[in-house]
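Engineer:
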Amino acid sequence: MNKELFGPLLADDQAPLQSRPITSYRQDAWRRLKKHKLAMVGLYTVVLIILIAVIGPWMSHASYSDQNLLESNQAPSSKHWFGTDNLGRDLFIRVLYGARISLAIGIVASLINLIIGVVYGGVAGLLGGRVDRIMMSIVDVLYGIPMLLYVILLMVVLQPGLTNIFIALGIAYWLGMARIVRGQILSLKEQDYVLAAKTIGASNWQILYRHLIPNSLGPIIITMTLAIPEAIFTEAFLSFIGLGVAAPMASWGVLSSEGVTSLRSYPFQLFFPAMAISITMLAFIFLGDGLRDALDPRARR
Amino acid sequence: MLSYMLKRMMSSFAVLLAIITITFLLMHAIPGGPFSSEKKISPAIMRNIEQHYHLNDPLWKQYVDYMANLARFDLGPSFKYEGRRVNDMIRESFPVSLELGAVSIGLAILIGIPAGAIAALRQNKWQDYITMLLATLGVSVPSFVLATLLVYVFALKLSLLPAALWGGIEYIILPALALGSHPTAFIARLTRSSMLEVLAQDYIKTARGKGLSEFVILYRHALRNALIPVVTYIGPMAAGILTGSFIIETIFAVPGLGRHFVTSIYNRDYTVILGVTVFYSVLVICLNLLVDLIYPQLDPRIKLTEKEGG
Numbered sequence: 076m077n078k079e080l081f082g083p084l085l086a087d088d089q090a091p092l093q094s095r096p097i098t099s100y101r102q103d104a105w106r107r108l109k110k111h112k113l114a115m116v117g118l119y120t121v122v123l124i125i126l127i128a129v130i131g132p133w134m135s136h137a138s139y140s141d142q143n144l145l146e147s148n149q150a151p152s153s154k155h156w157f158g159t160d161n162l163g164r165d166l167f168i169r170v171l172y173g174a175r176i177s178l179a180i181g182i183v184a185s186l187i188n189l190i191i192g193v194v195y196g197g198v199a200g201l202l203g204g205r206v207d208r209i210m211m212s213i214v215d216v217l218y219g220i221p222m223l224l225y226v227i228l229l230m231v232v233l234q235p236g237l238t239n240i241f242i243a244l245g246i247a248y249w250l251g252m253a254r255i256v257r258g259q260i261l262s263l264k265e266q267d268y269v270l271a272a273k274t275i276g277a278s279n280w281q282i283l284y285r286h287l288i289p290n291s292l293g294p295i296i297i298t299m300t301l302a303i304p305e306a307i308f309t310e311a312f313l314s315f316i317g318l319g320v321a322a323p324m325a326s327w328g329v330l331s332s333e334g335v336t337s338l339r340s341y342p343f344q345l346f347f348p349a350m351a352i353s354i355t356m357l358a359f360i361f362l363g364d365g366l367r368d369a370l371d372p373r374a375r376r
Numbered sequence: 009m010l011s012y013m014l015k016r017m018m019s020s021f022a023v024l025l026a027i028i029t030i031t032f033l034l035m036h037a038i039p040g041g042p043f044s045s046e047k048k049i050s051p052a053i054m055r056n057i058e059q060h061y062h063l064n065d066p067l068w069k070q071y072v073d074y075m076a077n078l079a080r081f082d083l084g085p086s087f088k089y090e091g092r093r094v095n096d097m098i099r100e101s102f103p104v105s106l107e108l109g110a111v112s113i114g115l116a117i118l119i120g121i122p123a124g125a126i127a128a129l130r131q132n133k134w135q136d137y138i139t140m141l142l143a144t145l146g147v148s149v150p151s152f153v154l155a156t157l158l159v160y161v162f163a164l165k166l167s168l169l170p171a172a173l174w175g176g177i178e179y180i181i182l183p184a185l186a187l188g189s190h191p192t193a194f195i196a197r198l199t200r201s202s203m204l205e206v207l208a209q210d211y212i213k214t215a216r217g218k219g220l221s222e223f224v225i226l227y228r229h230a231l232r233n234a235l236i237p238v239v240t241y242i243g244p245m246a247a248g249i250l251t252g253s254f255i256i257e258t259i260f261a262v263p264g265l266g267r268h269f270v271t272s273i274y275n276r277d278y279t280v281i282l283g284v285t286v287f288y289s290v291l292v293i294c295l296n297l298l299v300d301l302i303y304p305q306l307d308p309r310i311k312l313t314e315k316e317g318g
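Heads up: the sequence lines are chains R and Z, in that order. First residue of the first sequence? That's 76 in the numbering used here, and the numbers climb one at a time after it. First residue of the second sequence? That's 9 in the numbering used here, and the numbers climb one at a time after it.
1) Do the CB positions of L198 of chain Z and P244 of chain Z come within less than 7 Å of each other?
2) Following the continuous alpha helix (DSSP H) through T309 of chain R, name the residue where it begins and the one where it ends.
3) Anything in the segment 240 to 260 of chain Z with a Cβ closer than 9 Å to a Cβ of chain R? List those residues in chain order, please.
4) When the Cα of Y195 of chain R is compared with those of R:A351, R:L250 and R:I303, which residue comes out closest?
5) In chain order, which continuous runs of the beta strand (DSSP E) of length 3 or greater are located wholly inside the segment 241 to 265 of chain Z?
6) If you draw a straight line from the C-alpha of R267 of chain Z to the C-alpha of T258 of chain Z, how long is it?
7) Against chain Z, does S353 of chain R count as a neighbour if the rule is that its beta carbon must be under 7 Å from one of theirs?
8) Cα-Cα, which of Z:E100, Z:A123, Z:K88 and Z:G175 is closest to S380 of chain Z?
9) So for P85 of chain Z, helix, strand or coil by DSSP?
10) In whole angstroms, what separates the C-alpha of V1 of chain Z from that of I212 of chain Z?
11) Compare the beta carbon distance of I119 of chain Z and L187 of chain Z with 7 Å and say whether it is the shorter of the two.
12) Can you check DSSP and say which residues form a bridge with R93 of chain Z?
13) Please determine, among Z:T279, Z:G109 and Z:H190, the residue with the shortest C-alpha to C-alpha distance to S148 of chain Z.
14) List, in order along the chain, the chain R residues whose C-beta lies closer than 7 Å to that of N296 of chain Z?
15) What residues in the segment 308 to 327 of chain R have a beta carbon less than 8 Å from any beta carbon of chain Z?
16) Establish whether the CB of V232 of chain R and some CB of chain Z are separated by less than 7 Å.
17) Got a sec? Which residues, its chain only, sit under 7 Å from A246 of chain Z by beta carbon, not counting five neighbours each side?
18) DSSP three-state label for D165 of chain R, please.
19) Is the shortest distance between the beta-carbon of L162 of chain R and the beta-carbons of chain Z less than 7 Å?
20) Using 10 angstroms around the beta-carbon of G318 of chain Z, count the other beta-carbons present and answer buried if the total reaches 16, otherwise exposed.
21) Got a sec, what are the start and stop residues for the alpha helix (DSSP H) E265 of chain R sits in?
22) Quick one, which of R:L263, R:K154 and R:I282 has its alpha-carbon nearest A272 of chain R's?
23) Using CA atoms only, rank isn't needed, just tell me which of R:I213, R:P221 and R:V129 is closest to L242 of chain Z.
24) Give a yes or no on whether the C-beta atoms belonging to L362 of chain R and L201 of chain R are separated by under 7 Å.
25) Report the residue ranges of all alpha helix (DSSP H) runs contained in full by the segment 182 to 244 of chain R; include only those spanning at least 4 residues, in chain order.
26) Does the CB of I331 of chain R have a neighbour CB from chain Z at under 7 Å?
27) What are the start and end residues of the alpha helix (DSSP H) that includes N64 of chain Z?
28) Considering P96 of chain R, what are the terminal residues of the alpha helix (DSSP H) in which it resides?
29) Among R:P289, R:D103, R:S332 and R:L108, which residue has its Cα nearest to the Cα of T156 of chain Z?
30) So is D300 of chain Z in contact with chain R if we call contact Cβ pairs under 7 Å?
31) Are the segment 261 to 279 of chain R and the segment 149 to 169 of chain R touching by the rule of at least three beta carbon pairs closer than 8 Å?
32) Closest by CA to A431 of chain R, which one among R:V329, R:M230, R:I209 and R:Y248?
33) Does the beta carbon of T285 of chain Z sit closer than 7 Å to a beta carbon anywhere in chain R?
34) Is A247 of chain R closer than 7 Å to V231 of chain R when the C-beta atoms are compared?
35) So with Cβ pairs under 7 Å, would you call A302 of chain R a contact of chain Z?
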């Protein structure tokens, strides 16, 4: 035991400081998502469906409204992959176009939900206190109402059509989003970095926009993922009672409800659009479940 | 407790008032009025019709009249069917919808809860996978597709059950299955996830540690607590069954209120649309109120007090 043994560490000995590379929240979530097999199947399917919806109609030789009465109600063949409907329109092309319309409905409606929900929930959560109580009791109250009835009513008032479906679905289903955003913000605003931002003089709006909303993105994305198929589903419901998009345009909902009427003679006319809806629903549900596990590990069930 | 109930009832009442008003205004915002879609009517007759239904009164007067009638539970005359009143239509057809709805909810509970519980107890085993596969399919197939498929298989191909109409027990099976599929699947998923959560709790370990039998642990401790989220789903489920019945009753030609509602949409029979919307909203809001009041009886941890924000 002597003095020499107690020399300083060599400067280049970095071993204790080495650790695995720092992963951001986003990378971490992506890594978790990739491990979730069903979610990845869902993700690829969703991407594929979006590609089909965007590119598909360009590749086809005919239009969704081209009629050919000589070829009406034909079974699936090499010429008409999904067969034809009662006006001789090619069902494959109609399902491709339907993808566009159904996805547009899902995405636009849930974007409107997103905007209303984030603003409403954000304001309630941020201001807190009495304002929050009043705003949230309004939401609680609206939650108890069967919204679909009012969507139907709105569609009767506004007349069927694509834009009106956007409006009716958009303004009816933002409640869940508002609740989630408000809950997130209530817990986030107690965090130290919000206090820090306040101290250096950031306005409420800046805090909301720069700190609180980006940090509640996880639950928001999950809710969005599940809202899109919900909107597609609701539109199918509306189509069935005659309040969907106007002819000759056709969403998957319109196509399936047309298929229902001719089921006895031509079951394939229902089969293909119904499959399209179900596959899309499944893909979004799988993706949503996976995202929940990946983005919000604490809420894991 | 009492003050909470009173407050809750007051707010439900306020909601009712608000939605009736909104519904009323929406219906009157429709351009053209209820009779303009029909073939050309001479202005004199039109005036008579409007006089008859008080449509030329100022809006506020129509509103006051409507509310006054509503207070006497009178939903007004049908615009489409001469001499028929909305009340009579509801009285005749709602029991049918109620029967169908009750059977569907019964099916959903009787199948959904055990299925979800079994899936949770056999997590990641084949029982779990099959239940969850069926449950996921149940939420992803539109009910009208399922309904037509059921008709196709059981009525047209196998000729086991009637394809449509209403009568004995055999008529109720297919529509109830189609209507109940979505809630069944949802309840199974809900029960499974909440059961898994409960089974991981400390008090289950304590119960095991005490040496209680597995049966007692599952029924008294796990399932009872796991079912609390399922109870909160009753309100939304009832709403879903109501609106689901629009389609199912139309497909199966069941003479219920749902089919009337869809027909009244096709016919643009505004008083019926308005009346049924009000009727169903009242129903669902009362049901939600009921659930909120029953809920704490099941879980003593929940106290009925004004919750503070946060």
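Here a beta-carbon is modelled for each residue, glycine too, at the ideal position from N, C-alpha and C.
Structural biologist: If we stick to the structure as given:
1) No; because the gap between Cβ atoms is not below 7 Å, this pair is not in contact.
2) Per DSSP, T309 of chain R belongs to the alpha helix (DSSP H) from L292 to F315.
3) Per Cβ criterion, the list reads G243, P244, A246, A247, G248, L250, T251, G252, F254, I255, T258 and I259.
4) Comparing Cα-Cα distances from Y195 of chain R to each of R:A351, R:L250 and R:I303, the minimum goes to R:L250.
5) Under the rule that a run must span 3 or more residues, no beta strand (DSSP E) segment is found entirely inside the segment 241 to 265 of chain Z.
6) So the two alpha carbons sit approximately 5 Å from each other.
7) S353 of chain R counts as touching chain Z.
8) The structure shown does not extend to residue 380 of chain Z, since chain Z is modelled only from 9 to 318, so the question has no answer here.
9) P85 of chain Z: strand per DSSP, three-state reduction.
10) Residue 1 of chain Z lies beyond the residue range present for chain Z, which begins at 9 and ends at 318; the question has no answer from this structure.
11) No, the Cβ-Cβ distance between I119 of chain Z and L187 of chain Z is not below 7 Å.
12) Per DSSP, the beta-bridge partners of R93 of chain Z are Z:P85.
13) The candidate whose alpha carbon is nearest that of S148 of chain Z is Z:H190.
14) The CB of N296 of chain Z comes closer than 7 Å to the CB of G219 in chain R, given here in chain order.
15) Shown in chain order are the members of the segment 308 to 327 of chain R whose Cβ falls below 8 Å from a Cβ of chain Z: F308, A311, F312, F315, I316, G317 and L318.
16) V232 of chain R counts as touching chain Z.
17) Counting only Cβ-Cβ distances below 7 Å, and skipping sequence neighbours, we find V292 and L295.
18) Of the three classes helix, strand and coil, the one that applies to D165 of chain R here is strand, per DSSP.
19) Against chain Z, the CB of L162 of chain R has no partner CB under 7 Å away; the residue lies outside that interface.
20) Here the model assigns G318 of chain Z a pLDDT of 34, short of 50, so the residue's position is not dependable and the matter cannot be decided.
21) No alpha helix (DSSP H) holds E265 of chain R; DSSP gives it neither H nor E.
22) When only C-alpha atoms are compared, the closest one is R:I282.
23) It should be noted that the sequence gives Ile, not Leu, for residue 242 of chain Z. Per the Cα distances, R:P221.
24) In terms of Cβ geometry, L362 of chain R and L201 of chain R do not form a close pair [threshold 7 Å].
25) Positions of the alpha helix (DSSP H) runs, each at least 4 residues long and wholly inside the segment 182 to 244 of chain R, are given as 204 to 218 and 222 to 233 in order along the chain.
26) With the sequence shown as reference, residue 331 of chain R is identified as Ser, and Ile is not the correct amino acid for it. It does: the Cβ of S331 of chain R has a partner Cβ on chain Z nearer than 7 Å.
27) Run containing N64 of chain Z: none; DSSP gives neither H nor E here.
28) Run containing P96 of chain R: none; DSSP gives neither H nor E here.
29) A check of alpha carbon separations from T156 of chain Z across R:P289, R:D103, R:S332 and R:L108 identifies R:S332 as the nearest.
30) Answer no: the Cβ-Cβ gap between D300 of chain Z and chain R never drops below 7 Å.
31) When Cβ pairs closer than 8 Å are counted between the two stretches, the segment 261 to 279 of chain R is seen not to touch the segment 149 to 169 of chain R, the count staying below three.
32) Residue 431 of chain R is absent from the model: chain R starts at 76 and stops at 376.
33) Yes, T285 of chain Z counts as interfacial toward chain R.
34) Their beta carbons are not under 7 Å apart, which means V231 of chain R does not touch A247 of chain R by this criterion.
35) A302 of chain R does not count as touching chain Z.
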